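Protein sequence lines correspond, in order, to chains D and W.
Position in the first sequence counted from 1, then plus 403, gives you our numbering.
Position in the second sequence counted from 1, then plus 161, gives you our numbering.
Every residue, glycine too, gets a C-beta built ideally from N, C-alpha and C.
Just so you know, these numbers come straight off a predicted model, no measurement behind them.
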Amino acid sequence: MAENEKKILLEVDHLTKYFNTPKGLLHAVDGVSFQIEQGKTLGIVGESGCGKSTTGRAILKLIEPTSGKIIFDGKDITKYSRSKMRRLRTEMTIIFQDPFSSLDPRQSVMQLISEPIREHRLIKGSEEIEKRTLELMDTVGLARRFVNSYPHELDGGRRQRIGIARALAVNPKLIICDEPVSALDVSIQAQILNLLKQLQKDIGLTYVFITHDLSVVKYFSDDIAVMYLGQMVEKANSDELFREPLHPYTKALLSAIPLPIVGKEKPERQLIRGEITSPVNLPDQCRFMKRCDVCQACCETGKNPELREVRPGHFVACHCVE
Amino acid sequence: MSDNILEIKDLVVHYETDDGCVNAVNGLSFSIGRKKTLGLVGETGAGKTTTALSILNLVPDPPGKIKSGSILLDGRDVLQMTDKELEEMRGNDVAMIFQDPMTALNPVMTVGDQIAESIELHQHVSSKEAFEKAKEMLKMVGIAESRAYDYPHQFSGGMRQRVVIAIALTCKPKLLLSDEPTTALDVTIQAQVLELMKELIRSQQMSMLLITHDLGVVAETCDDVAVMYAGKIVEIGTADEVFNHTLHPYTEGLFNSLPNLRERGEELIPIKGLMPDPMNLPEGCAFAPRCPYATEACEKTQPELTLMGGTHCVACLAYRDAQFSLRRNHNG
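The following block contains the structure:
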């Protein structure tokens, strides 16, 4: 392999996850494919119920995918057993959205951060473990005086730093960040985003960054995938996606963000009609059709559009995009 | 008749708990003009919601205590009203929309009945008439009349928030208090609900106090903006004044913390540290420990809200130096 050749760390191929519900088959994730290079960030954006979190969890096999392939670091992990997955959990891990409910309230900061180290027997000897825990606290910017505090004594930002320290404790290659800053105030959000970015620079982490907040995802990601009802509708380089969105849903999503600008030129708002439809028993048709303004005859008769490359590196799933 | 629908002066609200006294609101003053929308911005714990509850005289007591100040609603002091007068005022003159539409609605009543209930209570009409009117209200907020017979769980988040708005508007209040009305909603739904609220405010000629932490939402909807920090207003003015001629270092910090949608990749400039514990506020300016411009004087003296031109007021000692200006204003 040539030295400057890019290494694909994670490849997801036609991943699906269906849930059986009393009303029928719920298509939570429906044929999602992407690749991420080592050291890069893929942002997955979409509204509630679009399947972005399920995708994140299925990659880690925290929920068993219905079909599809997950190739991590050259290994096909789709059929890995629980015990084999357990070993892999030191290489791929997750940061959760809510730092209030994802931490055991009865464990101190020391116990919380050292738990993954003990669990995976990464370091032996309690003194060494303690040393590593304190180092991790330094890395994530959590003052050492909190080492014996409990989560309820800390604010949201500090709790999220514990979550990050726990993820880093196992020296992972890939971290799935599931809305890591959504529960935080803006000034604290900026601190956490800077920290995650710095860590990426320092130790070459690869991120899947799941969020509903488009301004955060743009700031953070190299590539962005937009999801709607379990499927990717558009995927492109971050700058290109924001400069020139092609899918009608992406356009509407971008124009819906309220911009903190007053009195200066502002792009015209495009409101989309209606709300996300139910992901149960979906017909083989474009899923955005009923809310779409450019919908044409071909969308009504046509099948569910496939993701296709319309420009180098820019993929879109829409009948009406040339 | 005064030009202002609401005038708050030197409001102080404390929560007296077993652990100590939480200084939630510490000498807050602002007013809202008729048919104007004021955005009240601040982070968690700044005292935004306590302020809104004070306007309805609904601060939970105990542990909450409105210590001093006055809240003039259309010229009458809310804090001096009798229980009966308060009951008349709530809903009729002032209505409130809460953040979470699921907990604001009764899960075992149809939405039509819930809207009709407040019409019946306030306008003394028959229940049949009230229900008919409830259907009209639903239509006004963009929901088909036939759905008046459905229960809240049958609606999506955005639809539920529309129902809550319909209930708030049944009595044509003069002032609407909206506490993070779109925070729980997706962006595309948020855009729809904000558009609806703007339209209704205009057509019903209401004033609104919009509480939010989202500067984008403020820019989208508000005429005036007040920035709150540790229970006080630190900057207030028209949206143009606050967004384009920012004066307070905290407001500047909020803008710097926002990821910029137009340019990417530069490191964000967060505000260092955390908001002070409201049980233990610093002696001087509450923002001084986090402020990049702070001097020794800031640690000792509390700044007063001072008019700087137009309607733009700021509470910051740095402006004693006539040459002072924020970095944000240097590069256009």
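Query raised in the report: If you run the structure through DSSP and keep just helix, strand and coil, what is Glu421 of chain D?
Result: Taking the first residue of the first sequence as 1, we reach residue 421 of chain D at position 18. Reading off the sequence shown, one finds Tyr at residue 421 of chain D, where the question assumed Glu. Strand at Tyr421 of chain D.
Query raised in the report: In angstroms, rounded to a whole number, what distance separates the CA positions of Arg740 of chain D and Asn490 of chain W?
Result: The displayed coordinates of chain D run from 404 to 725. Any statement about residue 740 of chain D would go beyond what the structure contains.
Query raised in the report: In three-state terms, what does DSSP make of Cys477 of chain W?
Result: Residue numbering aside, residue 477 of chain W sits at position 316 when the second sequence is read from its first letter. It is coil, neither helix nor strand.
Report task. Answer yes or no: does any C-beta atom of chain W fall closer than 8 Å to that of Ala593 of chain D? Result -> Residue numbering aside, residue 593 of chain D sits at position 190 when the first sequence is read from its first letter. Chain W, which has a Cβ nearer than 8 Å to the Cβ of Ala593 of chain D, makes this yes.
Query raised in the report: Do we get a CB-CB distance below 8 Å when we pair Gly493 of chain W with the residues of chain D?
Result: Within the second sequence, numbered from 1, the residue matching residue 493 of chain W stands at position 332. Residue placement at Gly493 of chain W is poorly supported in this model, since its pLDDT is 45, which falls under 50; the coordinates still yield a value, given next. Not an interface residue.
**Report entry** Every unbroken alpha helix (DSSP H) within the region 359 to 393 of chain W, with a cutoff of 4 residues, ordered by chain
**Finding:** If we require 4 residues or more, the alpha helix (DSSP H) runs fully inside the region 359 to 393 of chain W come out as 376 to 382.
Query raised in the report: For Leu525 of chain D, which option in D:Lys693, D:Gly477, D:Pro575, D:Gly560 has the closest C-alpha, if you only look at C-alpha atoms?
Result: Working through the first sequence from its first residue, we reach residue 525 of chain D at position 122. For Leu525 of chain D, the nearest C-alpha among the options comes from D:Pro575.
Query raised in the report: Can you name the residues of chain D whose CB is closer than 7 Å to the CB of His473 of chain W?
Result: Within the second sequence, residue 473 of chain W is the residue found at index 312, counting from 1. Residues of chain D passing the Cβ test: none, with the nearest at roughly 13 Å.
Query raised in the report: Who are the near neighbours of Thr178 of chain W in its chain, counting only those whose CB is closer than 6 Å to its CB and skipping five residues on each side?
Result: Numbered from 1 along the second sequence, position 17 holds the residue referred to as residue 178 of chain W. Excluding sequence neighbours, Thr178 of chain W sits near Pro224.
Query raised in the report: In or out: Asp347 of chain W buried (at least 16 other Cβ within 10 Å) or exposed?
Result: Translated into positions along the second sequence, residue 347 of chain W becomes position 186. Label assigned to Asp347 of chain W: buried.
Query - Beta-carbon proximity list for Lys209 of chain W, same chain, < 7 Å, skipping 5 on both sides - result: Within the second sequence, the letter at position 48 stands for residue 209 of chain W. The answer, listed in chain order, is Leu201, Gly203, Ile372, Met389.
Requested in this report: With a threshold of 16 other CB atoms inside 10 Å of the CB of Thr349 of chain W, please say whether the residue is buried or exposed.
Outcome: Translated into the one-based positions of the second sequence, residue 349 of chain W becomes position 188. The residue is buried, with at least 16 neighbouring Cβ atoms inside 10 Å.
Query - Per-residue DSSP class, three states only, for Ser585 of chain D - result: Counted from its first residue, the first sequence places residue 585 of chain D at position 182. Judged by DSSP in its simplified three-state form, Ser585 of chain D adopts coil rather than helix or strand.
Report task. Return yes when the Cβ of Leu266 of chain W is within less than 8 Å of the Cβ of Gln275 of chain W, no when it is not. Result -> The residue given as residue 275 of chain W occupies position 114 in the second sequence. The residue given as residue 266 of chain W occupies position 105 in the second sequence. A contact, by the Cβ cut-off of 8 Å.
Requested in this report: List the residues that DSSP assigns as beta-bridge partners of His717 of chain D.
Outcome: The count along the first sequence starts at 1 and reaches residue 717 of chain D at position 314. In the DSSP assignment, His717 of chain D forms a beta bridge with D:Arg714.
Query - Counted within 10 angstroms of its Cβ, other Cβ atoms place Phe449 of chain D as buried (16 or more) or exposed - result: Against the first sequence, residue 449 of chain D aligns to sequence position 46. One detail in the question is off: residue 449 of chain D reads as Gly in this sequence, not Phe. With 16 or more Cβ atoms within 10 Å of its Cβ, Gly449 of chain D is classed as buried.
Query raised in the report: Listing by chain order, which chain W residues have their CB less than 7 Å from the CB of Ala655 of chain D?
Result: For the purposes of this step, residue 655 of chain D is taken as the residue at position 252 of the first sequence. Ordered by position in chain W, the residues that pass the 7 Å Cβ test against Ala655 of chain D are Thr349.
Query - Exposed unless 16 or more other CB atoms sit within 10 angstroms - verdict on His417 of chain D - result: Taking the first residue of the first sequence as position 1, residue 417 of chain D is located at position 14. Its Cβ having fewer than 16 others within 10 Å, His417 of chain D is exposed.
Query raised in the report: Quick one, are the C-beta atoms of Val619 of chain D and Ala380 of chain W less than 8 Å apart?
Result: By 1-based counting over the first sequence, the position of residue 619 of chain D is 216. By 1-based counting over the second sequence, the position of residue 380 of chain W is 219. No, the pair does not count as a contact, with Cβ atoms beyond the cut-off.
Report task. Would you mind giving the Cβ-Cβ distance between Met440 of chain W and Cys182 of chain W, rounded to the nearest angstrom? I have them listed as a contact below 8 Å. Result -> What you label residue 440 of chain W is simply residue 279 of the second sequence in a count that begins at 1. What you label residue 182 of chain W is simply residue 21 of the second sequence in a count that begins at 1. With a Cβ gap of about 7 Å, Met440 of chain W and Cys182 of chain W count as contacting.
Query raised in the report: Residues in the region 347 to 376 of chain W with C-beta within 8 Å of chain D's C-beta atoms, listed in sequence order?
Result: Residues Asp347, Val348, Thr349, Ile350, Gln351, Ala352, Gln353, Leu355, Glu356, His374, Asp375, Leu376.
Requested in this report: Reducing DSSP to helix, strand and coil, say where Val272 of chain W ends up.
Outcome: Locating residue 272 of chain W in the second sequence gives position 111, where the first residue counts as 1. In the structure shown, Val272 of chain W falls within a helical segment according to DSSP collapsed to helix, strand and coil.
Query raised in the report: Any Cβ of chain D within less than 8 Å of the Cβ of Glu396 of chain W?
Result: One-based indexing of the second sequence puts residue 396 of chain W at position 235. Not an interface residue.
Report task. Drop a sphere of 10 angstroms on the beta-carbon of Leu199 of chain W, count the other beta-carbons inside from all chains shown, and report buried for 16 or more, exposed for fewer. Result -> Here residue 199 of chain W refers to the residue found at position 38 when the second sequence is read from its first residue. By the neighbour-count rule (16 or more Cβ atoms within 10 Å), Leu199 of chain W is buried.
Requested in this report: Measure the beta-carbon distance from Arg690 of chain D to Leu632 of chain D and round it to whole angstroms, keeping in mind my assumption that it falls under 8 Å.
Outcome: Taking the first residue of the first sequence as position 1, residue 690 of chain D is located at position 287. Taking the first residue of the first sequence as position 1, residue 632 of chain D is located at position 229. Confirmed, Cβ separation roughly 4 Å.
Query raised in the report: For Gln438 of chain D, which three-state DSSP category applies?
Result: Locating residue 438 of chain D in the first sequence gives position 35, where the first residue counts as 1. In this structure, Gln438 of chain D counts as strand in the three-state DSSP scheme.
Query raised in the report: What residues in its chain sit with their C-beta under 7 Å from that of Glu643 of chain D, if we drop five residues either side in the sequence?
Result: Here residue 643 of chain D refers to the residue found at position 240 when the first sequence is read from its first residue. Shown here for Glu643 of chain D: same chain residues with a beta carbon closer than 7 Å to its own, the five before and five after excluded, namely His717 in chain order.
Requested in this report: Hey, could you find the ends of the beta strand (DSSP E) Thr609 of chain D is sitting in?
Outcome: The count along the first sequence starts at 1 and reaches residue 609 of chain D at position 206. Run containing Thr609 of chain D: 609 to 614, per the beta strand (DSSP E) assignment.
Requested in this report: Taking all protein chains shown into account, decide if Ile606 of chain D is buried (16 or more other Cβ within 10 angstroms of its Cβ) or exposed.
Outcome: Here residue 606 of chain D corresponds to residue number 203 of the first sequence, with the count starting at 1. Counting Cβ neighbours within 10 Å, Ile606 of chain D comes out exposed, since fewer than 16 surround it.
Report task. For Tyr652 of chain D, I'd like the list of residues in its chain whose CB is within less than 6 Å of its CB, leaving aside the five on either flank, ordered along the chain. Result -> The count along the first sequence starts at 1 and reaches residue 652 of chain D at position 249. Within the same chain, Tyr652 of chain D has close Cβ partners Tyr631, Val636, Phe691.
Report task. For Ser231 of chain W, collect the residues of the same chain with a Cβ closer than 7 Å to its Cβ; drop the 5 residues on either side in sequence, then sort them by chain order. Result -> Taking the first residue of the second sequence as 1, we reach residue 231 of chain W at position 70. Contacts found: Lys170, Asp238, Leu240.
Report task. Provide the residue span of the beta strand (DSSP E) that contains Val186 of chain W, from first to last. Result -> Residue numbering aside, residue 186 of chain W sits at position 25 when the second sequence is read from its first letter. Looking at the DSSP string, the run of the beta strand (DSSP E) that includes Val186 of chain W is 181 to 194.
Query raised in the report: When the distance is taken between beta carbons, is Cys332 of chain W closer than 8 Å to Gln366 of chain W?
Result: Residue 366 of chain W sits at position 205 when you count from the first residue of the second sequence. Residue 332 of chain W sits at position 171 when you count from the first residue of the second sequence. It is not a contact, given that the beta carbons lie outside the stated cut-off.
Query raised in the report: Thinking C-beta only, is Asp581 of chain D closer than 8 Å to Ile498 of chain D?
Result: Residue mapping note: residue 498 of chain D aligns to position 95 of the first sequence, counting from 1. Residue mapping note: residue 581 of chain D aligns to position 178 of the first sequence, counting from 1. Yes, they are a contact pair.
**Report entry** Reduced DSSP category for Phe645 of chain D - H, G, I as helix; E, B as strand; rest coil
**Finding:** Locating residue 645 of chain D in the first sequence gives position 242, counting from the first residue. Phe645 of chain D: helix per DSSP, three-state reduction.
Query raised in the report: Do you know how far the Cα of Asp696 of chain D is from the Cα of Cys723 of chain D?
Result: Taking the first sequence and counting its residues from 1, the one referred to as residue 723 of chain D is at position 320. Taking the first sequence and counting its residues from 1, the one referred to as residue 696 of chain D is at position 293. When rounded, the distance between both Cα atoms is 11 Å.
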